[in-house]
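> There's a structure below that I have some questions on.
In the working numbering, the protein residues as written are 1372 to 1542.
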């Protein structure tokens, strides 16, 4: 294998990209399995996404943009941070899981067609916009703002996770 040259990456119709299996994309860095994406870094398995950082899986239809530290975000979502499985036109979502067609959420789980909620409790637009800056400031003080869900919230121990299969640790 060392006697013959091989491609440094698989990809077509790209501009300023690094990673592998990248197609019809531009300004994509350190990313893999990417199609029709722009301005993304540290991403995996995305299609039709613009402006994403550290996002894994999804994208697909519609405009998907301004995504930060997430997994399973797509089908027309925008401005989603530190969330998992947020779909179908959701926007302005922070620290939420499995929310569909919803907007202006913080720390919510399993909401569908909802708006202006904090920890699954609905607020008026005015109340929400008054509370959110205080909440974000508190999270920033604790040094957790902008980070995906911390390990202390993981329902499994390291030795029960898939990570252990690839990188086992001794006691």
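Quick reminder that beta carbons are idealized off the backbone N, C-alpha and C, glycines included.
I'd like to know if the stretch 1448–1467 and the stretch 1425–1436 are in contact, where contact means that at least 3 CB-CB pairs between them fall below 8 Å.
Contact between the stretch 1448–1467 and the stretch 1425–1436 is present, because at least three Cβ pairs lie under 8 Å.
> Give the range of the beta strand (DSSP E) segment to which residue 1449 is assigned.
As a first step, residue 1449 is located in the chain shown; it is residue number 78 there, counting from the start. Residues 1449–1452.
> Thinking C-beta only, is residue 1459 closer than 9 Å to residue 1441?
Against the chain shown, residue 1441 aligns to sequence position 70. Against the chain shown, residue 1459 aligns to sequence position 88. Their beta carbons are not under 9 Å apart, which means residue 1441 does not touch residue 1459 by this criterion.
> With distance defined between alpha-carbon atoms, name the residue in 1536, 1380, 1388 and 1478 nearest to residue 1518.
By 1-based counting over the chain shown, the position of residue 1518 is 147. Out of 1536, 1380, 1388 and 1478, 1478 has the C-alpha closest to the C-alpha of residue 1518.
> Distance check for residue 1443 and residue 1384, CA to CA, integer angstroms please.
As a position in the chain shown, residue 1384 is number 13, starting the count at 1. As a position in the chain shown, residue 1443 is number 72, starting the count at 1. Distance between the alpha carbons of residue 1384 and residue 1443: 25 Å.
> In this structure, does DSSP put residue 1486 in helix, strand or coil?
As a first step, residue 1486 must be located in the chain shown, where it is residue number 115. Looking at residue 1486 - three-state DSSP - the assignment turns out to be strand.
> Alpha carbon to alpha carbon, how far is residue 1543 from residue 1376?
Within the shown structure, residues of the chain are numbered from 1372 to 1542, placing residue 1543 beyond reach of any answer.
> If you compare alpha carbons, which of 1475, 1507 and 1490 is closest to residue 1497?
Here residue 1497 refers to the residue found at position 126 of the chain shown. Among 1475, 1507 and 1490, the Cα nearest to that of residue 1497 belongs to 1475.
> I'd like the span of the beta strand (DSSP E) that includes residue 1392, first residue to last.
What you label residue 1392 is simply residue 21 of the chain shown in a count that begins at 1. Start and end: 1386–1394.
> Can you give me the C-alpha to C-alpha distance between residue 1521 and residue 1515, rounded to a whole angstrom?
Your numbering for residue 1521 matches position 150 in the chain shown. Your numbering for residue 1515 matches position 144 in the chain shown. In a straight line, the C-alpha of residue 1521 is about 8 Å away from that of residue 1515.
> Which term fits residue 1374, buried or exposed, when burial requires 16 or more other beta carbons within 10 angstroms of its beta carbon?
Position 3 of the chain shown, counted from the first residue, corresponds to residue 1374. Classification of residue 1374: exposed, given that the 10 Å Cβ count is below 16.
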